[in-house]
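Just so you know, the protein sequences line up as chains A and B, in that order.
Residue numbers for the first sequence follow our numbering, so the first one is 1 and each next one is one higher.
Residue numbers for the second sequence follow our numbering, so the first one is 1 and each next one is one higher.
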Amino acid sequence: MMPIRNVIMMFVLFCFTSVVIAEVDETEVASKVVTGFQAALLNAMEQGDKLTFEQRFELLKPAVLNSHDLTKITRIVVSKEWKKLTIEQKKELIRKFSTLSIASYAHYFDSYSGQSFKVESTKQLSPGQIYVHTFLVLPDDKDVSMDYLLKKKGDEWRIINIITNGVSDLALKRSEYVAVLKKSGFDVLLAELSVKIEKFSQ
Amino acid sequence: MIIRLFLRFIAIAGIFLLVACASTGKTEMAEEVNPEDLHEGINRNIYGFNKGLDTYVSSPLVGVYQFILPSFLRTSVANFFANLKEPRTVVNDALQGKEQPAGEDFERFVINTLLGFGGLIDVASYAEIEYHEEDFSQTLAVWGVPQGEYLVVPVLGPTTYRGVPGLVVDAASSPVSYLIWPIQVLDLLNSRSNADQSLKFIDEAAVDPYVFMRASYLQWRDYQITEGKNTSEIILLDGLDDPFDDEDDLDLLDDLEIKL
């Protein structure tokens with residue numbers, strides 16, 4: 001008969017490995033969200049010459065919507081101002097911000113000249129937050145560091161922040177949007193976002 | 001000497017802007033002071049001045065420069081001036097105690113100067129010797145000098161209290177400052193031409209270009225100073241666990257149609 005001490009040790013070992021395996025699985029799942037999104041970007045770039053801006057927008061739309069938590073991102077970029085908005089204003093802001101996010105990807109990722117992405121490392125920062133460190137590899141230039149922060153939304157991992165060469169997209173947008181909201185109000189911010197979408201589509 | 005004229009111009013522009021800001025002092029006083037940018041009022045004025053100068057002077061000149069010089073010659077010019085900055089980089093590497101980068105940067109300078117026709121061809125990059133960017137402002141940061149407030153300097157653009165002595169020391173230690181004026185003009189055109197894409201990006205993407213410039217400049221400098229080690233900290237923004245959890249179940253995006 002197995003001594004009780006061995007049974008306890010085996011149980012502890014089982015629990016420990018289960019936790020480690022679960023953590024590894026979680027980082028792998030989160031990493032796949034990022035690599036899936038980057039594959040969609042490369043696909044849009046490779047088809048750059050053949051597609052119009054509108055076609056690239058439609059191509060990237062599901063990839064962005066399924067990999068980013070745009071509702072949460074919108075709430076964070078307007079910070080405390082969010083609470084002052086009506087439900088209709090919140091919906092309009094999320095819609096406009098989401099359109100702008102997809103439009104900016106469609107605008108900037110429009111041609112291919114040998115670029116690729118590589119995942120360097122993944123790390124669980126805290127329960128519900130995973131950090132994926134990647135590089136955009138440019139054939140004739142220094143690699144560009146691109147880091148993703150993913151948070152759990154239900155059972156899925158979603159991107160909520162991207163840091164490019166040390167510049168946080170979320171922090172940048174929050175500084176800008178809060179400044180515009182405080183200085184000029186909601187309607188001006190919305191109008192500015194529309195102008196940007198229009199510029200990207202030209 | 002063109003640098004002397006340039007500095008005189010900056011001083012005059014600075015005085016002009018200070019006077020302009022002083023005349024609107026009452027309005028500034030009435031406005032709420034931004035703790036992240038204590039000099040926002042005057043900074044915004046100088047930013048506006050720099051933007052106008054760029055639109056009406058620098059940008060057209062750079063347009064001519066890019067029209068006259070084919071791409072491969074512009075690359076050679078950029079390589080030449082980047083190579084002239086390498087001794088400064090080596091010195092700052094050493095001052096920061098970075099032995100390996102100091103060796104690599106010295107190697108880059110020797111190889112590019114001897115084998116790359118005085119730096120016109122970046123042979124060292126073909127040999128995969130890594131390029132680093134170091135300046136005296138980064139050295140001051142490594143030595144523990146606090147960043148201080150954000151500033152926008154006439155003509156030169158964004159910096160901080162710590163960046164001002166850095167700019168002076170870097171200008172004084174740059175070999176370009178002691179060359180004939182046409183080379184100094186070429187250096188200015190090359191610098192502005194290299195910044196073309198970034199400035200275009202700000203124009204296209206920024207909702208408030210002044211705030212965009214400030215936030216991105218401060219983060220990017222921090223990234224340079226910490227050699228990228230700040231990334232895993234700044235990715236966790238304050239307020240990331242926002243106080244809106246009551247609405248977590250309400251996904252407002254679900255019933256929204258996203259279209260152009």
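Cβ coordinates follow ideal geometry from the N, Cα and C atoms, glycine included.
Worksheet entry | Residues near F81(B) in its chain [Cβ-Cβ closer than 6 Å; skip 5 each side] | Mapped onto the second sequence, residue 81(B) falls at position 81. Closer than 6 Å at Cβ, skipping near neighbours: D187 and N190.
Discussion item. Contact criterion: CB-CB distance below 9 Å. Does L193(A) meet it with respect to chain B?
Written reply: What you label residue 193(A) is simply residue 193 of the first sequence in a count that begins at 1. So, interface residue.
Worksheet entry | is_contact[A78(B), chain A] using C-beta, thresh 9 Å | The residue given as residue 78(B) occupies position 78 in the second sequence. Output row for A78(B): interface = no.
Discussion item. With the cut-off set at 9 Å, would you say F109(A) and G48(A) are in Cβ contact?
Written reply: By 1-based counting over the first sequence, the position of residue 109(A) is 109. By 1-based counting over the first sequence, the position of residue 48(A) is 48. It is a contact, given that the beta carbons lie within the stated cut-off.
Worksheet item: First and last residue of the beta strand (DSSP E) that includes K152(A)?
Response: Your numbering for residue 152(A) matches position 152 in the first sequence. K152(A) -> beta strand (DSSP E) spans V144 to K153.
Discussion item. Please report the distance separating the alpha-carbon of D203(B) from that of E26(A).
Written reply: Taking the first residue of the second sequence as position 1, residue 203(B) is located at position 203. Taking the first residue of the first sequence as position 1, residue 26(A) is located at position 26. Distance between the alpha carbons of D203(B) and E26(A) is about 39 Å.
Worksheet item: S71(B): buried (16+ other C-beta within 10 angstroms of its C-beta) or exposed?
Response: The sequence position of residue 71(B) within the second sequence is 71, counting from 1. S71(B) comes out exposed.
Worksheet entry | Residues near F97(A) in its chain [Cβ-Cβ closer than 6 Å; skip 5 each side] | Walking along the first sequence from the start, residue 97(A) turns up at place 97. Correct list, in chain order: T74.
Worksheet item: Is the CB of K259(B) under 9 Å away from at least one CB in chain A?
Response: In the second sequence, residue 259(B) corresponds to position 259, counting from 1. So, interface residue.
Worksheet item: Is there at least one Cβ from chain B nearer than 9 Å to N165(A)'s Cβ?
Response: Position 165 of the first sequence, counting from 1, holds the residue named residue 165(A). Yes - at least one Cβ of chain B is within 9 Å of the one on N165(A).
Worksheet item: Applying the criterion that 16 or more other CB atoms from any shown protein chain within 10 Å of the CB defines a buried residue, is P154(B) buried or exposed?
Response: For the purposes of this step, residue 154(B) is taken as the residue at position 154 of the second sequence. Its Cβ being crowded by 16 or more others within 10 Å, P154(B) is buried.
Discussion item. Taking the straight line between their C-alpha atoms, what separation do you get for P62(A) and T99(A)?
Written reply: Start at 1 with the first residue of the first sequence, and residue 62(A) comes out as number 62. Start at 1 with the first residue of the first sequence, and residue 99(A) comes out as number 99. Each residue's alpha carbon lies about 12 Å from the other.
Fill in: Within-9 Å CB hit, R214(B) to chain A
Start at 1 with the first residue of the second sequence, and residue 214(B) comes out as number 214. It does; some Cβ of chain A falls within 9 Å.
Worksheet entry | Residues of its chain near F106(B), where Cβ-Cβ distance is below 6 Å and the 5 sequence neighbours each way are ignored | Your numbering for residue 106(B) matches position 106 in the second sequence. So the list reads V90, once near-sequence residues are dropped.
Practice prompt. Spell out the partners DSSP gives R214(B) in its beta bridges.
Written response: Position 214 of the second sequence, counted from the start, is the residue given in the question as residue 214(B). Partner(s): none; R214(B) has no beta bridge.
Worksheet item: Run through DSSP, which three-state label would R158(A) get?
Response: Here residue 158(A) refers to the residue found at position 158 of the first sequence. Correct three-state label for R158(A): strand.
Worksheet item: Pick from L149(A), S101(A) and L138(A): whose alpha carbon is nearest that of Q115(A)?
Response: Locating residue 115(A) in the first sequence gives position 115, where the first residue counts as 1. Closest option to Q115(A), Cα to Cα, is L138(A).
Worksheet item: Does the distance from the C-beta atom of A103(A) to that of D208(B) stay below 9 Å?
Response: Locating residue 103(A) in the first sequence gives position 103, where the first residue counts as 1. Locating residue 208(B) in the second sequence gives position 208, where the first residue counts as 1. Taking 9 Å as the Cβ cut-off, A103(A) and D208(B) do not qualify as a contacting pair.
Worksheet entry | L42(A) versus T52(A), Q89(A) and S111(A), residue with shortest Cα-Cα distance | If you number the first sequence from 1, residue 42(A) lands on position 42. Of T52(A), Q89(A) and S111(A), the residue nearest in Cα terms is S111(A).
Practice prompt. Using a Cβ-Cβ cut-off of less than 8 Å, list which residues of the region 90 to 124 of chain A approach chain B; keep chain order.
Written response: K90, K91, I94, R95, S98, T99, I102, A103, S104, H107 and K123
Worksheet item: Is DSSP giving E81(A) helix, strand or coil here?
Response: Locating residue 81(A) in the first sequence gives position 81, counting from the first residue. Helix, per DSSP.
Fill in: Residue span of the alpha helix (DSSP H) that contains G63(B), given as start and end
Counting from 1 along the second sequence, the entry for residue 63(B) is found at position 63. Taken as a continuous stretch (DSSP letters only), the alpha helix (DSSP H) holding G63(B) covers S59 to I68.
Worksheet item: Taking Cβ to Cβ, would you say L151(B) is nearer than 9 Å to H39(B)?
Response: The residue labelled residue 151(B) in the question sits at position 151 within the second sequence. The residue labelled residue 39(B) in the question sits at position 39 within the second sequence. Yes, the Cβ-Cβ distance between L151(B) and H39(B) is below 9 Å.
Worksheet item: Out of curiosity, what's the CA-to-CA distance linking L179(B) and E99(B)?
Response: Taking the second sequence and counting its residues from 1, the one referred to as residue 179(B) is at position 179. Taking the second sequence and counting its residues from 1, the one referred to as residue 99(B) is at position 99. About 30 Å.
Fill in: Option nearest D69(A) by Cα separation, candidates P127(A), Q202(A) and D155(A)
For the purposes of this step, residue 69(A) is taken as residue 69 along the first sequence, with counting starting at 1. The shortest Cα separation from D69(A) among P127(A), Q202(A) and D155(A) belongs to D155(A).
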